[in-house]
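To start, the structure itself, in structure tokens.
There are 2 protein chains.
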Amino acid sequence: MSSESMPLTRKGRATRERILEAASALMFERGVAGTSVDDVKREAGVSSSQLYHYFADKQALVRAVVAYQTDLVLAANEPLLARLDSLEALRAWRDFVVEVQTAADFFGGCPMGSLASELADSDPQAREQLALGFARWETMIRDGLRAMRDRGELRAEADPDRLALALLTALQGGLLLSQTRREVTPLQVSLDTMLEHITSLRVPSPSGT
Amino acid sequence: MSSESMPLTRKGRATRERILEAASALMFERGVAGTSVDDVKREAGVSSSQLYHYFADKQALVRAVVAYQTDLVLAANEPLLARLDSLEALRAWRDFVVEVQTAADFFGGCPMGSLASELADSDPQAREQLALGFARWETMIRDGLRAMRDRGELRAEADPDRLALALLTALQGGLLLSQTRREVTPLQVSLDTMLEHITSLRVPSPSGT
DNA sequence: AGCGTTTTGGATCGGCCGATCCAATCAAGT
DNA sequence: ACTTGATTGGATCGGCCGATCCAAAACGCT
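Sequence order for the protein chains is A and B. Residue numbering for the first sequence is 24 to 232, as defined by our numbering. Residue numbering for the second sequence is 24 to 232, as defined by our numbering.
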């Protein structure tokens, strides 16, 4: 956020936004390296000078896309994760994720996951952005699990930090396999297995139910 | 394996192999789209005519790389997964995976996972190859879990099919997050959580141990 | 209305991309 | 040794890549 000039007028902001949205969509569909600056220009209906006015170079555009997609993904999950205080809420989140992917016919997977896989080794700053994004995601889940434990729904030994991280990795792995197999099963089984594990960490009810 | 001409002489086979190894290494480091045919030529010490003599075009080369990496990954795992008949063996496999990634400083992740993420949406045939590769991997794990169940180490309700798939997704998700965070924790927590879940499915021992 | 700044159009650049071509060389069987 | 086909060297092509540049237009402010 340093070298490219930030738009000061309303129209400038709109143009920058249009470029960002076009780039995000294309890079999600075709990957970062598979998307040319010309592609973005065409999709956004914008000239060279416009694009390079708001983004110093392709790398700067990529990093803006990473920030954009990270915020989108977290914003989509936040409503369901904010009130993650019961196993029902956990299942509702699972259903939400499964439905989103099913609606997309298992194309694309997780925007953050795809970007991470492509950029982690080649763009240290993008990698750091994504690591921070995943950490925010993890924190949302962890706070929910902590609430469940504090409310006495989970045993004291249940570790919300580890379970939150395991849930997030299960989600990412499930998404990748579902994207590869074009099928819901891996995502479903992956999340359900983790949910079953968490279920097994409930406090034993006084009666034998 | 239809359009490109297969090498008939010893030297031809060696050249093709050299190209394949160079392409696999580069595409693992920089991604498929990030690796140019010229890069491969340079790395393999080979001319245009040589490369295009053995591979019809870049797409054919990519698909050969997918097959090559798939076989490598499965061959690396096979020794440990073939005798997957106890929780100890499962832990040995976990240790192996963790050590390999640690030795690589968490660069690169899983070759199959990276290829899947990049190619699943853009190259249907590569996607299919990878789906089959993951299926073979899954089968290895599943057979081990079945053996454990049949030997009475796991409860009858434990479902080896689902557990095998969940283990594979946990591995892939853990690898992705570890690659992003440049840290062993996600991979470790992801696999350990699944192992703990499987441990909780052991047959209850007669005594209270 | 007039001024300074932001925003835009669009031509242009050098370099790399994937791919093709022809001719020369090498290997293997007889 | 000779022949046939496999293998190789290397020049070359058109097109796209990321990026730069200058001048014109639009904007915001007084």
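Cβ atoms here follow ideal geometry from the backbone N, Cα and C, with glycine treated the same way. Note that the structure is predicted; figures quoted are calculated from it, not measured.
Taking CB atoms only, residue 212 of chain A has a neighbour in chain B less than 8 Å away. Excluding residues up to 5 positions away in sequence, 112 lie with their Cβ nearer than 7 Å to the Cβ of residue 106 of chain B in the same chain. Residue 214 of chain A is positioned such that its CB atom lies no closer than 8 Å to that of residue 186 of chain A. Look at residue 119 of chain A: its C-beta is not under 8 Å from any C-beta on chain B. Taking one beta carbon from each stretch, the segment 211 to 225 of chain A and the segment 114 to 121 of chain A have 3 or more pairs nearer than 8 Å; the two touch. In the DSSP assignment, residue 205 of chain B forms no beta bridge with any residue. A contact between stretches requires three or more CB pairs, one per stretch, nearer than 8 Å, and the segment 36 to 43 of chain A meets this requirement with the segment 69 to 79 of chain A. Straight across, the Cα-Cα distance linking residue 192 of chain B with residue 110 of chain A is about 22 Å.
Of all residues in the segment 127 to 150 of chain A, only 130, 131, 132, 136, 137, 139, 140, 141, 143, 144, 145 and 150 come within less than 8 Å of chain B when Cβ atoms are compared, listed by chain position. Ranked by how close their Cα comes to the Cα of residue 164 of chain A, the residues A:59, A:65, A:103 and A:74 have A:103 in first place.
Relative to residue 143 of chain B, the option among A:84, A:59, A:175 and A:203 whose CA is nearest is A:203.
The beta-carbon of residue 78 of chain B is placed no less than 8 Å from the nearest beta-carbon of chain A. Residue 176 of chain B is outside the set of residues whose beta carbon lies under 8 Å from a beta carbon in chain A. Counted as a single uninterrupted DSSP element, the stretch harbouring residue 224 of chain A is not any alpha helix (DSSP H), since DSSP gives it neither H nor E. Interface annotation, residue 172 of chain A: not in contact with chain B, CB-CB separation never under 8 Å. One Cα belongs to residue 200 of chain B, the other to residue 206 of chain A, and the distance between them is close to 22 Å. Residues of chain A with a Cβ closer than 7 Å to the Cβ of residue 195 of chain B are, in chain order, 196, 199 and 200. The DSSP assignment places no complete run of the beta strand (DSSP E) inside the segment 80 to 119 of chain B (cut-off: 3 residues).
In the DSSP annotation of this structure, the continuous segment of the alpha helix (DSSP H) that includes residue 157 of chain B starts and ends at 147 to 173. Look at residue 102 of chain B: its C-beta is not under 8 Å from any C-beta on chain A.
For residue 52 of chain A, the C-beta contacts it makes with chain B under 9 Å involve 144 and 145, in order along the chain. Residues of the segment 59 to 77 of chain B that bring their beta carbon within less than 8 Å of a beta carbon in chain A are absent altogether. By alpha-carbon distance to residue 124 of chain A, the top candidate from A:69, A:181, A:57 and A:208 is A:208. For residue 114 of chain B, no CB of chain A lies under 8 Å from its own CB, so it is not counted at the interface with that chain. Residue burial annotation: residue 157 of chain A is buried, with at least 16 other C-beta atoms found within 10 angstroms of its C-beta. At a beta-carbon threshold of 9 Å, none of the residues of chain B lie near residue 162 of chain A; the nearest stands roughly 14 Å away. With fewer than 16 other beta carbons inside 10 angstroms of its own, residue 147 of chain A counts as exposed. In the three-state scheme derived from DSSP, where H, G and I count as helix and E and B as strand, residue 200 of chain A is classed as helix. Annotation: Cβ neighbours of residue 209 of chain B in chain A (cutoff 7 Å, chain order): 188 and 192.
Residue 31 of chain B sits in coil when the DSSP states are folded into three classes, being neither helix nor strand. Taken atom to atom, the span from the alpha-carbon of residue 31 of chain B to that of residue 63 of chain B is near 22 Å. Against residue 56 of chain B, the close residues of chain A are 54, 56 and 57, in the order they occur along the chain (beta-carbon pairs closer than 7 Å).
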